[in-house]
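To start, the structure itself, in structure tokens.
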Ligand code: SF4
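This is how it looks when you write it as structure tokens:
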């Protein structure tokens, strides 16, 4: 299989069958904590990077050959080795997956393109969206996510607020914190004000523990993470 991986067990999603929609590290960000290495070419260009017909052929085959295992899967997850919303056919892919199987579909996104109402509509057929929000100031955003030059944090925030208004499924917001970059409590309080506007169903707080794109990235210690969890409120859990 080239585009389907797993199923993998994760604390976030349970048992999830992953689908990649773009070639390795095709991304609008170059996050310092990325486990996939550096983004060679940051892009916000949308196109059919991987033909969805090929993805669907693989998925059909996988479901045919793994029917006992398929029954245990919690989500078919559109994610993989880059930003899945860069694939311009993501909406069509979700529709076709739903014709093939009743398994719920999750989209994991870095939120970079959510300012575009057409993209919010395209992923609106999913059951769960897991968007990231690591920063709410331009300074922190640049330091942690190192976005494409045309992507602004203010637009991402408005995109997330609008996603909440329009999307009928669940939204689990992921926040990745790196020590000394975006874990300052003044920044966390501003983050909390934005998260209150977005009003996700859950907040997943995370800090990098594996190998990251940049060598000198450290995780936030447990004591501080717990303090931040308290600030972010009841919906927040440390993952
Ligand atoms: S958005 Fe995801 S794939 Fe892209 S650089 Fe960040 S962590 Fe890596």
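Numbering (the numbering used here), first residue to last: 5 to 243. Glycine included, each C-beta is placed from N, C-alpha and C at the ideal position. These numbers come from a predicted model, not from an experiment.
| Check | Outcome |
| --- | --- |
| Proximity test, residue 171 beta-carbon vs ligand 1 heavy atom, cut-off 7 Å | no |
| Residue range of the unbroken beta strand (DSSP E) whose run includes residue 135 | 132 to 135 |
| Boundaries (first-last residue) of the beta strand (DSSP E) holding residue 111 | 109 to 113 |
| Reduced DSSP category for residue 191 - H, G, I as helix; E, B as strand; rest coil | helix |
| Within the region 126 to 177, ranges of the alpha helix (DSSP H) (whole runs, at least 4 residues) | 142 to 149 and 157 to 170 |
| Closer than 6 Å: residues whose CB approaches a heavy atom of ligand 1 | 31, 33, 34, 35, 38, 40, 43, 86, 87 and 114 |
| Enclosing beta strand (DSSP E) for residue 61 [first to last residue] | No beta strand (DSSP E) holds residue 61; the alpha helix (DSSP H) holding it covers 56 to 69. |
| Residue 210, enclosing beta strand (DSSP E) - first and last residue | 206 to 210 |
| Buried versus exposed call for residue 106 [16 or more other C-beta atoms within 10 Å across all chains shown] | exposed |
| CB-CB length for residue 94 against residue 127, believed under 8 Å | 6 Å |
| Buried/exposed call for residue 71, threshold 16 Cβ in 10 Å | exposed |
| Anticipated Cβ contact below 8 Å, residue 22 with residue 9, distance rounded | 5 Å |
| Buried versus exposed, by CB contacts within 10 Å (16 or more), residue 56 | buried |
| Stretch pair the region 135 to 150 + the region 185 to 196: three plus CB contacts closer than 8 Å | yes |
| When 54, 165, 226 and 204 are compared against residue 187, the one with the closest alpha-carbon | 226 |
| Exposed unless 16 or more other CB atoms sit within 10 angstroms - verdict on residue 28 | exposed |
| Element boundaries [beta strand (DSSP E), containing residue 22] | 18 to 24 |
| Distance, residue 234 Cα to residue 5 Cα | 42 Å |
| Exposed unless 16 or more other CB atoms sit within 10 angstroms - verdict on residue 34 | buried |
| Contacting residues, own chain, Cβ-Cβ under 6 Å from residue 222 (five flanking each side not counted) | 183 |
| Cβ distance (whole Å) where residue 204 is taken to contact residue 239 below 8 Å | 7 Å |
| Residues near residue 164 by beta carbon distance below 7 Å, same chain, minus five either side | 115, 118, 135, 137 and 202 |
| Bridge partners - residue 46, DSSP secondary structure assignment | 31 |
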